[in-house]
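Start counting the sequence shown at 1; every next residue gets the next number (the UniProt record's numbering).
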Amino acid sequence: MNWDCLFNTRYLRLPETDEEMFGRVIKMMGGENLMVKCADKVVRRGRIRGKLKRRVWIRDNDVVIIAPWEFGKEGRGDILWRYTLPQVEWLKQEKYIPLDF
């Protein structure tokens, strides 16, 4: 049995609840804030949560998972995950996101 294939696979997180959705980063606003165009065509101000803040570097045009806030301001949300380019290609191939996303 080839053990290398078992240990080199990476976990690919998908939106787990109805509140979580895919989004594309439009622009960085400084600090932990950025503008994200979500899958429901709404532009939200996203905040990089503490777990990702210094571990994951997010740039313009990255595909992320955003969870809109249920309280307070409607146009805000938390960034939960960032996808790499090969992961985005896989998501497009498996039709999780549209080809022109």
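All C-beta atoms in this analysis are idealised placements derived from N, C-alpha and C, irrespective of residue type, glycine included.
Residue burial classification, valine 56 (beta-carbon count within 10 angstroms, cutoff 16): Result: exposed.
CA-to-CA distance, lysine 51 to threonine 9, given in whole angstroms: At threonine 9, the pLDDT of 45 sits below 50, so the modelled position is not reliable; the number obtained from the coordinates is stated separately. Looking at the two C-alpha atoms, the distance is approximately 22 angstroms.
Distance CB(arginine 45)-CB(arginine 76) smaller than 7 angstroms: yes
For leucine 80, the first and last residue of its enclosing beta strand (DSSP E): 76-82
Rounded separation between glutamate 74 and aspartate 62 - CA only: 22 angstroms
Cβ neighbour criterion (16 or more within 10 Å) applied to valine 64: buried
Identity of the residues DSSP links to alanine 67 by a beta bridge: Asp78
Length of the line joining the Cα atoms of threonine 84 and valine 42: When only Cα atoms are considered, threonine 84 and valine 42 end up about 23 angstroms apart.
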